[in-house]
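Going by the numbering used here, the first residue of the sequence shown is number 216, and it counts up by one from there. First the structure, in the form of structure tokens, and then the observations on it.
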Amino acid sequence: CEELCPPGSHGAQCELRCPCQNGGVCHHVTGECSCPAGWMGLVCAQPCPPGTFGINCSQDCPCHNGGHCDPVTGKCLCAAGYIGDRCQEECPIGTYGSQCAQSCACQNGATCYHVSGACICEPGFKGTHCHQRMCPEGFYGLKCNKRCPCNITNTL
216 CEELCPPGSH GAQCELRCPC QNGGVCHHVT GECSCPAGWM GLVCAQPCPP
266 GTFGINCSQD CPCHNGGHCD PVTGKCLCAA GYIGDRCQEE CPIGTYGSQC
316 AQSCACQNGA TCYHVSGACI CEPGFKGTHC HQRMCPEGFY GLKCNKRCPC
366 NITNTL
């Protein structure tokens, strides 16, 4: 009764097939499954629910800012715009996206949103990359330093 059965079987004479799935190991006598990290249930058929990991899915995921953890190791997989062991840091200035691997293309002192790379323009600028100057009413030119010759009724 204490002799081990060949892998995949259990019982008094090792006559029963082991029901464990996903790398689970069954007890050589009872057939009860011992699940590997990342799996749970009677036959190790259920993956860890979101937010948990490890053996019997007993550990809580330590990730922040929408990051998900690997169900086996607990290593964080960060959402776009975040980095760090626990996804606790926003992308450094000038970068954005998954693993902060993309460079921002904002101009004229604009800041870049760390998730999507969208530019947040400084006053007086517009456009996808804040590359277009918006002159105050009554002015025009590259530096908005030329007065419009028209009066309010659009006549000279």
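Glycine included, every Cβ here is placed at the ideal spot set by N, Cα and C. All of these numbers come straight from a predicted model, not from anything done at the bench.
Within the same chain, and ignoring the five residues on either side of Cys272 in sequence, the residues whose Cβ sits closer than 6 Å to its Cβ are Met255 and Cys263.
For Gly269 against Gly289, the beta-carbon gap comes to about 6 Å, under 8 Å, which counts as contact. Nearest C-alpha to Arg301 among Ala316, Gln317, His283 and Cys363: His283. Distance between Gln347 and Phe340, taken at the CA atoms: about 5 Å. Ile298 has its alpha-carbon roughly 6 Å from the corresponding atom of Cys306. Straight across, the Cα-Cα distance linking Gly226 with Gly253 is about 27 Å.
If you check the CB distance, Gly223 and Arg232 come in under 9 Å. Burial is judged here by how many other beta carbons sit within 10 angstroms of a residue's own beta carbon; Gly332 has at least 16 and is buried.
As for any beta strand (DSSP E) of minimum length 3 sitting wholly inside the segment 253-318, there is none.
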